[in-house]
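Trainee: Numbering that gives the first Met the number 0 applies: residue 0 is where the sequence shown begins, and numbers increase by one.
Ideal placement from N, C-alpha and C gives every residue a C-beta, glycine not left out.
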Amino acid sequence: MRIGLPEILLILVLALVVFGGGKLAGVGKALGQSIREFKKEVKNPEQEEAGEEKKTEEQ
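1) Note down the Cα distance separating A14 from V41, rounded to an integer number of angstroms.
2) Is V26 near F18, with beta carbons less than 9 Å apart?
3) Regarding K39 and the ligand FAD, is the C-beta to nearest heavy atom distance less than 8 Å?
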């Protein structure tokens, strides 16, 4: 079973009704930032770990 264009439009309309225009924009922004950070971490997981080790040693 695939989700087609009518189903996607229905979901978007329901989300707009439930959250409202301003709130929906904020939710979309937060979701986009989360996805961006996740992709960044998947590409370079060692880079963040090295930074955390330095912070731990300094404390």
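Mentor: If we stick to the structure as given:
1) 29 Å
2) yes
3) Because no ligand of any kind appears in the structure shown, any question about the ligand FAD cannot be addressed here.
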